[in-house]
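> So that we are looking at the same thing, I have put the structure below in structure tokens.
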Amino acid sequence: TRGRSWKDNSGGFVGITDKYWATAIIPDQERRFEGRLTSAQTGTAPGATRIYQADMLGEEQMIAPGATGTSTTRFFAGAKEVAAIDGYQEKLGIKRFDRLIDWGWFYFITKPMFQAMNWIFHLVGNFGLAILIITILIKIVFLPLANKSYASMAKMKAVQPEMLAIRERHADDKLKQQQAMMELYKKEKINPLAGCWPVLIQIPVFFALYKVLFVTIEMRHAPFYGWIRDLAAPDPTSLFNLFGLLPFTVPEFLHIGVWPILMGITMFVQMKMNPEPPDPVQKAVFTWMPLFFTFLLASFPAGLVIYWTWNNLLSVIQQGYIMKKHGTKIELWDNLKGLFAKKADAGGKG
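So this is what it looks like as structure tokens:
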């Protein structure tokens, strides 16, 4: 038998929970109590199961002869609907009862995101549309920061000939090369790390949305349009049976659906908008990254892939507008022409 215990507590609850369901004992929030969680194996046979138990012991009460005393203990068992859980917390004063739902490390982002999505859902009637709209709102909030980032990237592209000249001039002295680069950045008011901001901003939002899709029962079996019947489940289609046209079941690791492919295409287009890095290793990483993420995100909830695809598309539009505004050439078409030209040359030589 294994277990944990918490003594001399005041407020809160003791319970057992999984992703969507929970049972909890809720003591009088003004009295102290002891909580305990234990688990024990039913036997040693291969089919033996483990039994979990949560219990609570309230503090003792001294009742005088002829007097009466009261003790209130509540019990919750059911689905972890956000509105119901929050309602119990507010109405009954249960401390931290909303943590019955595992909002994750980014609690301060995840729960407000769900509340915003749920509000939009009640306006438009579809959680998929709510994801698209919330993505636009996030873009608007971070618009100034993203604009500065893309503007700095545009300036870096404009001074690329000077950067190449510095590398050639100080090819044998890395220290002087770095010093000259820093002077160029300072002169042109360029932040070399600015290009990281759009990606860094996405990380907490990405994980927060993943949590919303993964743990909230409201998102369970929530449909989008077409073949997406459950935003919390992966895209059910697969490239390897021509999206259901061929009559055989594809192994799970080969389920590369329509939305993951669209996500990979938008990521590829976004990367090709910038000049290719001169370093061969970096160039190879950027070339294969969209394909890697296509396979990686294929097993993720469809709602998350839809968000990433839509976010990439908005980023392409935003970046293209800013680069055009700064008079910077968009490399997309030249990079695509160069890519296909190389393939044609390789085919001709073969």
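Per my numbering, the sequence shown starts with residue 324, numbered consecutively. Glycine is no exception: its CB is placed at the ideal position from the N, C-alpha and C atoms. Remember, it's a predicted structure, so these values are computed and weren't measured experimentally.
(1) Report the three-state DSSP secondary structure of residue 596 (helix, strand or coil).
(2) Are residue 336 and residue 420 closer than 8 angstroms when you measure CB to CB?
(3) Could you tell me whether the segment 580 to 600 touches the segment 620 to 630, where touching means 3 or more Cβ pairs closer than 8 angstroms?
(4) Identify which residue in 569, 445 and 427 has its Cα closest to the Cα of residue 539.
(5) Can we count residue 361 as close to the ligand GDP, meaning its CB is less than 7 angstroms from some heavy atom?
(6) Near residue 614, what residues of its chain come up, given a Cβ to Cβ distance below 8 angstroms and the 5 sequence neighbours on each side ignored?
(7) Please list the terminal residues of the continuous beta strand (DSSP E) segment that includes residue 683.
(8) Can you give, in chain order, each stretch of the alpha helix (DSSP H) that sits fully within the segment 384 to 432 and has at least 4 residues?
(9) Could you tell me whether the Cβ atoms of residue 482 and residue 507 are closer together than 8 angstroms?
(10) Output needed for residue 458: all residues of its chain with C-beta closer than 8 angstroms, excluding positions within five of it in sequence on either side, in chain order.
(11) Among 612, 527 and 397, which has the Cα closest to the Cα of residue 347?
(12) Entirely within the segment 514 to 593 and at least 4 residues each: give me those alpha helix (DSSP H) ranges in chain order.
(13) What is the rounded straight-line gap between the Cα of residue 466 and the Cα of residue 327?
(14) When you compare the CB positions of residue 429 and residue 349, do they come within less than 8 angstroms of one another, or not?
(15) At the level of alpha carbons, what is the spacing between residue 490 and residue 592?
(16) From the DSSP output, in three-state form, read off residue 333 for me.
(17) The beta strand (DSSP E) with residue 368 in it runs from where to where?
(18) Just the C-alpha distance for residue 573 and residue 562, rounded to the nearest angstrom, thanks.
(19) Can you tell me whether residue 557 is buried or exposed, with buried defined as 16 or more other CB within 10 angstroms of its CB?
(20) Could you tell me if residue 642 is buried or exposed, where buried requires 16 or more neighbouring beta carbons within 10 angstroms of its beta carbon?
(21) So, using beta-carbon positions, are residue 451 and residue 554 closer together than 8 angstroms?
(22) Please determine if the segment 491 to 511 and the segment 399 to 417 are in contact, where contact requires at least 3 C-beta pairs separated by less than 8 angstroms.
(23) So the candidates are 329, 441 and 393; which of them puts its Cα closest to the Cα of residue 357?
(24) Residue 360: which of 551, 368, 375 and 496 sits nearest, CA to CA?
(25) For the beta strand (DSSP E) containing residue 377, name the first residue and the last one.
(26) Give me the DSSP bridge partner(s) of residue 344.
(27) Can you check whether the CB of residue 474 is closer than 8 angstroms to the CB of residue 579?
Short version:
(1) coil
(2) yes
(3) They touch, by the three-pair rule.
(4) 427
(5) Looking at this structure, you won't find the ligand GDP or any other ligand, since it has none at all.
(6) 587
(7) With the chain represented from 324 up to 673, any question about residue 683 goes unanswered, as that position is not in the structure.
(8) Counting only unbroken stretches of 4 or more residues, the alpha helix (DSSP H) elements lying wholly within the segment 384 to 432 are 405 to 415, in sequence order.
(9) yes
(10) 630, 633, 634 and 637
(11) 397
(12) 520 to 538
(13) Cα to Cα, the separation comes out at about 47 angstroms.
(14) Not a contact, by the Cβ cut-off of 8 angstroms.
(15) 28 angstroms
(16) strand
(17) From DSSP, residue 368 is part of no beta strand (DSSP E); its letter is neither H nor E.
(18) 9 angstroms
(19) buried
(20) buried
(21) yes
(22) no
(23) 329
(24) 375
(25) 373 to 381
(26) 402
(27) no
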